[in-house]
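Per our numbering, the sequence shown starts with residue 96, numbered consecutively.
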Amino acid sequence: MPLLSFDHEPLRAPPYRALHEADDEDEVTRKRFYHYAPLCLAIFFILMPHPSLLIVLVDAFLTTTFRPLLFIALLLPAYTFTALAFTALIICIGRDPGTPRPLGDDDDDQAKDPEQPFLRSPSHEVPPPERWCKKCWAPKPERAHHCTSCGRCVLRMDHHCPWLAHKCVGFRTYGAFLTFLCTTTLLAIYCAMTSGSILYSYLYNPYIMGEHATFHALFLALAGSIFSLSLASFFIYHLWLTTTNQTTVEQLTPMLLRYIPRSRLPANDATTSPRSPSYMHLPMWEHQMNYQQRRLLRKAHGKIRLYDVGWKANWNQVIGFNSKRSILATLLLGGGQGDGHSWPRSEKAEEQLIRFAEALHKAGDLGH
């Protein structure tokens, strides 16, 4: 074998830990029993209203007044919401949220999704420094983030959730997470409304329930109202994130600086020259900014949405609606569209970034 060769070999991924092959095994060995305490508490909260609901419905519609059809009709929605919630919970816990693939391993996967070329990442592309994870020593695709709790990078990471056995909500589990929030919210609202309506009837007819069942109905109404307010607000927040194609990490953390165009001309423009005006001198980190630039950053963070391509396309990307499956199966089992490595950007956001860069440039000149 020659000591020196001028033949260029294709770039290969470094021998880092194969997360996609041994992730589940590593998680089991890394977690402790107390990491599952929030999950057990979440399961307890889901099952908590059922004994009281059974006592109230049996006493009101089987003991005092014998109406079995109404009893079944009122009991069936509660068990339906519970079954759907547990199904979504199992998917969130058991499914990998999305692992970035090593360099050069995307050729086969791109051929599997010919209908979505704009959501596939180019093959053998060397990522820039800001898209390279120094902890995993592996490529970090667009919208992927490194979770310090899990010790790995997650595709389109939304947040790390201790209620889901300390797992991340990411590209492949966000749809199930939305379903879990929706069904638990509906369960809480249903328990509050059902028990509240029975209590309202009890005020005019005290003989429809006994004292023991009345206590359970009051407990259901109060607990259901509290959980409805907390879960509904969280669910509405994630509905807004999905409609605008944002993640919790992106919405809470200003990351616009890494997407600022470093040249006023497109990168593939033939007229670009070394003398073309650029924004290479702009700060890459917030602590390098002056006061005016920080104000501009916080103002732009709430207005510039890089991946908002319309609410229909946003929902299609996140949920991954497919004509071959039903809506329920898609919400429970389906992941997002594409491979999770690259995402189309909004043309409006690109123009806003250019104006934002110009404003930062002017604010920097005034600061000096």
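Glycine is no exception: its CB is placed at the ideal position from the N, C-alpha and C atoms.
Source: prediction; values computed, not measured.
Exercise for the section: Could you have a look at Ala271 and say whether DSSP puts it in helix, strand or coil? Expected result: In the sequence shown, the residue the question calls residue 271 occupies position 176. Residue state, collapsed to three classes: helix.
Have a look at His333, Lys262, Cys231 and Pro257 and flag the residue whose alpha-carbon is nearest the alpha-carbon of Cys248. Translated into the one-based positions of the sequence shown, residue 248 becomes position 153. Residue Cys231 is the option with its Cα nearest to Cys248.
For this session: Can you tell me which of Ser147, Asn300 and Pro439 puts its alpha carbon nearest to the alpha carbon of Ala318?
Result: In the sequence shown, residue 318 corresponds to position 223, counting from 1. The candidate whose alpha carbon is nearest that of Ala318 is Ser147.
Report task. Return the Cβ separation of Tyr402 and Asn340 in integer angstroms, given the expectation that the two are a contact with Cβ distance under 8 Å. Result -> Reading the sequence shown from its first residue, position 307 is the one you call residue 402. Reading the sequence shown from its first residue, position 245 is the one you call residue 340. Contact between Tyr402 and Asn340 holds, since their C-beta atoms are separated by about 4 Å, short of 8 Å.
(Q) Suppose contacts are defined by Cβ-Cβ distances below 8 Å. Is Thr158 in contact with Asp253 by that definition? (A) Position 63 of the sequence shown, counted from the first residue, corresponds to residue 158. Position 158 of the sequence shown, counted from the first residue, corresponds to residue 253. No, the Cβ-Cβ distance between Thr158 and Asp253 is not below 8 Å.
Between the Cα of Leu392 and those of Leu336, Phe451 and Asp434, spot the shortest distance and give me the residue it belongs to.
Mapped onto the sequence shown, residue 392 falls at position 297. Among Leu336, Phe451 and Asp434, the Cα nearest to that of Leu392 belongs to Phe451.
For a quick check, are the C-beta atoms of Ile303 and Val151 less than 8 Å apart?
By one-based count along the sequence shown, residue 303 stands at place 208. By one-based count along the sequence shown, residue 151 stands at place 56. No; because the gap between Cβ atoms is not below 8 Å, this pair is not in contact.
Worksheet item: Skipping 5 residues on each side, what residues in its chain have a beta carbon closer than 6 Å to that of Ala362?
Response: The residue you call residue 362 lines up with position 267 of the sequence shown. In this prediction, Ala362 has a pLDDT of 43, which is less than 50 and means its spatial position is unreliable; nothing more can be read from the coordinates.
* Determine the direct distance from the alpha carbon of Arg196 to that of Pro133, and round the result to whole angstroms. => Within the sequence shown, residue 133 is the residue found at index 38, counting from 1. Within the sequence shown, residue 196 is the residue found at index 101, counting from 1. Roughly 31 Å separates the two Cα atoms.
Opposite Cys263 in the DSSP bridges: which residues? Counted from its first residue, the sequence shown places residue 263 at position 168. Bridge partners of Cys263: His255.
Query - Cβ separation of Ala233 and Arg251, assumed to be a contact under 8 Å, to the nearest whole Å - result: Locating residue 233 in the sequence shown gives position 138, counting from the first residue. Locating residue 251 in the sequence shown gives position 156, counting from the first residue. A Cβ-Cβ separation of about 16 Å leaves Ala233 out of contact with Arg251 under the 8 Å criterion.
For this session: Please list, in chain order, all residues of the same chain as Ala454 whose beta carbon is under 6 Å from its beta carbon, the five residues on each side excluded.
Result: As a position in the sequence shown, residue 454 is number 359, starting the count at 1. Once the five neighbours on either side are set aside, the close Cβ partners of Ala454 are Leu391.
Next item on the list: Report the rounded CA-to-CA distance for Tyr332 versus Ile284, giving the unit in angstroms.
Entry: As a working note, residue 332 is residue 237 in the sequence shown. As a working note, residue 284 is residue 189 in the sequence shown. Rounded to the nearest angstrom, the two C-alpha atoms are 17 Å apart.
- prompt: For Ala287, which residues from the same chain have a beta carbon less than 6 Å from its beta carbon, with the 5 sequence-adjacent residues on both sides left out?
  reply: Position 192 of the sequence shown, counted from the first residue, corresponds to residue 287. Hits under 6 Å: Ala316, Gly319, Ser320 and Ser323.
Got a sec? Which residues, its chain only, sit under 6 Å from Phe272 by beta carbon, not counting five neighbours each side? As a working note, residue 272 is residue 177 in the sequence shown. For Phe272, the CB contacts under 6 Å within the same chain, skipping 5 residues up- and downstream, are Cys187 and Val264 in chain order.
Original post:
Opposite Trp227 in the DSSP bridges: which residues?
Top reply: The residue labelled residue 227 in the question sits at position 132 within the sequence shown. DSSP lists Pro234 as partners of Trp227.
- Query: Thinking just about the alpha-carbon of each residue, which of Thr279, Ala260, Gly270 and His241 is nearest to the one in Phe176?
  - Reply: Locating residue 176 in the sequence shown gives position 81, where the first residue counts as 1. Taking only the C-alpha atoms, the option nearest Phe176 is Thr279.
request  = Per DSSP, which residues does Val249 bridge with? Please list them.
outcome  = Residue 249 sits at position 154 when you count from the first residue of the sequence shown. In DSSP, Val249 forms a bridge with His240.
Could you please give the first and the last residue of the uninterrupted alpha helix (DSSP H) stretch that includes Ala408?
Indexing the sequence shown from 1 puts residue 408 at position 313. Residues Trp406 to Ile414.
Query - As assigned by DSSP and simplified to three states, the class of Met384 - result: For the purposes of this step, residue 384 is taken as the residue at position 289 of the sequence shown. The answer is coil: DSSP assigns Met384 none of H, G, I, E or B.
Handout entry: Cutoff 6 Å; reference Pro257; Cβ partners in own chain excluding five residues on either side
Key = Looking up residue 257 in the sequence shown gives position 162. Pro133, listed in sequence order.
message = Short of 6 Å in beta carbon distance, which residues of its chain neighbour Ile167, apart from the five on each side in sequence? Order them along the chain.
response = As a working note, residue 167 is residue 72 in the sequence shown. Taken in chain order, the list of residues that qualify is empty.
task: Drop a sphere of 10 angstroms on the beta-carbon of Ser325, count the other beta-carbons inside from all chains shown, and report buried for 16 or more, exposed for fewer.
output: Sequence index remark: in the sequence shown, residue 325 carries index 230 (1-based). The residue is exposed, with fewer than 16 neighbouring Cβ atoms inside 10 Å.
Of all the options Cys245, Glu306, Arg127 and Gln346, which has the alpha carbon lying nearest to the alpha carbon of Gly193? Along the sequence shown, read from residue 1 onward, the residue named residue 193 stands at position 98. When each option's Cα is compared against that of Gly193, the closest is Cys245.
Nearest-angstrom Cα separation, counted from His307 out to Phe275:
Taking the first residue of the sequence shown as position 1, residue 275 is located at position 180. Taking the first residue of the sequence shown as position 1, residue 307 is located at position 212. Whole-angstrom Cα-Cα distance: 32 Å.
Quick one, are the C-beta atoms of Gly291 and Gln388 less than 8 Å apart? Walking along the sequence shown from the start, residue 291 turns up at place 196. Walking along the sequence shown from the start, residue 388 turns up at place 293. Taking 8 Å as the Cβ cut-off, Gly291 and Gln388 do not qualify as a contacting pair.
Q.
Taking a contact to mean a Cβ-Cβ separation below 8 Å, would you say Thr337 touches Val413 in this structure?
A. One-based indexing of the sequence shown puts residue 337 at position 242. One-based indexing of the sequence shown puts residue 413 at position 318. Yes; because the gap between Cβ atoms is below 8 Å, this pair is in contact.
Notebook entry, point to check: Can you tell me whether Tyr295 is buried or exposed, with buried defined as 16 or more other CB within 10 angstroms of its CB?
Noted result: As a position in the sequence shown, residue 295 is number 200, starting the count at 1. Exposed is the call here.
Check: Would Arg353 be called buried (16 or more neighbouring beta carbons within 10 Å of its own) or exposed?
Finding: On the sequence shown, position 258 is the one that residue 353 refers to. By the 10 Å Cβ count, Arg353 comes out exposed.
### Query
Near Leu142, what residues of its chain come up, given a Cβ to Cβ distance below 8 Å and the 5 sequence neighbours on each side ignored?
For this step, residue 142 is matched to residue 47 along the sequence shown. These residues qualify, in order along the chain: Thr177.
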